[in-house]
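Residue numbers (the numbering used here): 166 to 227. By construction, the Cβ of each residue, glycine as well, lies at the ideal position given by its N, Cα and C atoms. Following: one structure in structure tokens, then a few remarks.
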């Protein structure tokens with residue numbers, strides 16, 4: 166199969182359009198956040214719950 170860039174784009178675009186979207190939106194006050202490093206974001210206390218709700222096994226979250 167030999168696809169040009171437009172065909173590749175369209176195939177990817179259509180595939181992405183079929184994906185379920187999980188909105189892990191939290192009501193955060195940006196002025197109240199104090200992040201000193203990436204670990205503060207990665208280990209934010211809601212992230213484990215959000216990942217589990219999205220289907221990740223709890224065994225990977227411990």
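Per-residue DSSP class, three states only, for residue 171: helix
Bounding residues of the alpha helix (DSSP H) (the contiguous stretch that carries residue 212): 212-218
Secondary structure of residue 222, DSSP reduced to three states: coil
Cβ distance (whole Å) where residue 217 is taken to contact residue 226 below 8 Å: 6 Å
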